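Q: Top to bottom, those sequences are chains S and R. Going by the numbering used here, the first sequence opens with residue 6, and the numbers climb by one from there. Going by the numbering used here, the second sequence opens with residue 6, and the numbers climb by one from there. Don't be surprised by glycine CBs; every beta carbon is placed ideally from N, CA and C. Bear in mind the structure is a predicted one, so any value in this text is a computation, not a measurement. Let me begin by handing over the structure; questions about it come next.
Number of protein chains: 2
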Amino acid sequence: MDKPQPDDLKDAGLKSTVPRLNILALFKSGQERHMSAEDVYKQLLANGDDVGLATVYRVLTQFEQAGLLVRHYFEGGKSVFELNQGKHHDHIVCLQCGHVEEFYDAAIESRQEKVATERGFAVHNHSLHIYADCVNKACPHKH
Amino acid sequence: MDKPQPDDLKDAGLKSTVPRLNILALFKSGQERHMSAEDVYKQLLANGDDVGLATVYRVLTQFEQAGLLVRHYFEGGKSVFELNQGKHHDHIVCLQCGHVEEFYDAAIESRQEKVATERGFAVHNHSLHIYADCVNKACPHKH
DNA sequence: TTTGAAGATGATAATGGTTCTCATTTGCAA
DNA sequence: TTGCAAATGAGAACCATTATCATCTTCAAA
Ligand SMILES: [Mn+2]
Ligand SMILES: [Mn+2]
Ligand SMILES: [Zn+2]
Ligand SMILES: [Zn+2]
């Protein structure tokens, strides 16, 4: 089962409300994997859901704290959220079209641990963002 | 030679002005390696230099474009600058005291290249931030 | 040296993303 | 059904940063 159920929210200790269900449904729809608050807000309005921007911000933060979403701070100021599917990964961001590609590299991950512990740190989390251009002149990721 | 000379600015195509010299001198002083615009502004005022915040922002951006400084986007919203000494490195940020520690790991660097090129990207730059706690209960980096 | 125009400065207004306030509405346990 | 704690949404407030613009500097040329 993949559609948003009140249970998803209840399990996270959140009341099952209309805005929360709509926002979770939007992420689970899989149309856009990485969305800013503004993206979510516009999508909901486009879907005919009447929601307030403040609510979108609040709910995104709550979902992050509940572990339903993961927040990323890419360059450019605005944070971006994605569904938390348990599998950590890092990101390549295309500087031409903004397309975000995910990757996981075990060697990079373990080296980070090593580097940090060697220096007396206990790692909480990390962010690795590669900013790059699509190689072909016609950006293949354009959408 | 390590003190700011008008030449540092001229070489960058920038007029040698009082605010620019003071800001460059502050970074070259090495007291704080990583500073936000606000940090720089407050330091200059503390030094008795009368500068405007707008000028600090402008000059930091100019220095970045001229390659004199490097800008980092850490979590927390505000960007942080450091003297560009030619050697790329990544950062571990202590979540307790905010201390920033630098590191360079050749294995991580080359793996990033590999991952990106394998996927058809030409890397422009990347940011790797490890957020961690100091291991000892008395944070050794507290300042 | 003096000078004048291009460029730089700084007080302040404006911007953009995000959070706060608070009156009103809604979810849900009893 | 009802009551009330919790959630919502319109708008104000906030914070980092950028834009404006009148005034001040720098520096090349005279
Ligand atoms: Mn992702
Ligand atoms: Mn550094
Ligand atoms: Zn692309
Ligand atoms: Zn520390």
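Show which residues of chain R have a CB atom less than 7 angstroms away from the CB atom of N130 (chain S).
A: Correct list: Y136.
Q: Where does the unbroken alpha helix (DSSP H) through L31 (chain R) begin, and where does it stop?
A: It spans 23-34 - the alpha helix (DSSP H) in which L31 (chain R) sits, taken as one unbroken run.
Q: In its own chain, which residues sit with a C-beta less than 8 angstroms from the C-beta of P145 (chain S), not counting the 5 before and 5 after it?
A: Excluding sequence neighbours, P145 (chain S) sits near C139.
Q: On the criterion of 16 or more Cβ atoms from any shown chain inside 10 Å, does A121 (chain S) qualify as buried, or is it exposed?
A: Its Cβ being crowded by 16 or more others within 10 Å, A121 (chain S) is buried.
Q: Checking the sheet assignment: what are the DSSP bridge partners for Y136 (chain S)?
A: DSSP lists S:V98, R:N130 as partners of Y136 (chain S).
Q: Is the segment 89-100 of chain S touching the segment 85-105 of chain R in the sense that three or more CB pairs, one from each, lie closer than 8 angstroms?
A: Output reads no: the segment 89-100 of chain S does not touch the segment 85-105 of chain R.
Q: How should L133 (chain S) be labelled, buried or exposed, when 16 other C-beta atoms within 10 angstroms of its C-beta is the threshold for buried?
A: Its Cβ being crowded by 16 or more others within 10 Å, L133 (chain S) is buried.
Q: If you run the structure through DSSP and keep just helix, strand and coil, what is F79 (chain R)?
A: The answer is coil: DSSP assigns F79 (chain R) none of H, G, I, E or B.
Q: Quick one: grab the DSSP three-state call for E37 (chain S).
A: Residue state, collapsed to three classes: coil.
Q: Could you work out which residue in S:D95, S:I113, S:K15 is closest to Y136 (chain S) when comparing CA atoms only?
A: The candidate whose alpha carbon is nearest that of Y136 (chain S) is S:D95.
Q: Any heavy atom of ligand 1 within a distance shorter than 6 angstroms of the CB on E114 (chain S)?
A: Result no, Cβ not under 6 angstroms from ligand 1.
Q: Excluding five sequence neighbours on each side, which residues of the same chain lie with their C-beta closer than 8 angstroms to the C-beta of N130 (chain S)?
A: Correct list: empty, nothing qualifies.
Q: 7 angstroms is my cut-off, CB to CB: does L100 (chain R) come that close to chain S?
A: Yes - at least one Cβ of chain S is within 7 angstroms of the one on L100 (chain R).
Q: Rounded to whole angstroms, how far is the Cβ of A30 (chain S) from the Cβ of V61 (chain S), which I believe are closer than 8 angstroms?
A: That pair is no contact at about 13 angstroms.
Q: If you draw a straight line from the C-alpha of E69 (chain S) to the C-alpha of H93 (chain S), how long is it?
A: For E69 (chain S) and H93 (chain S), the distance between alpha carbons rounds to 14 angstroms.
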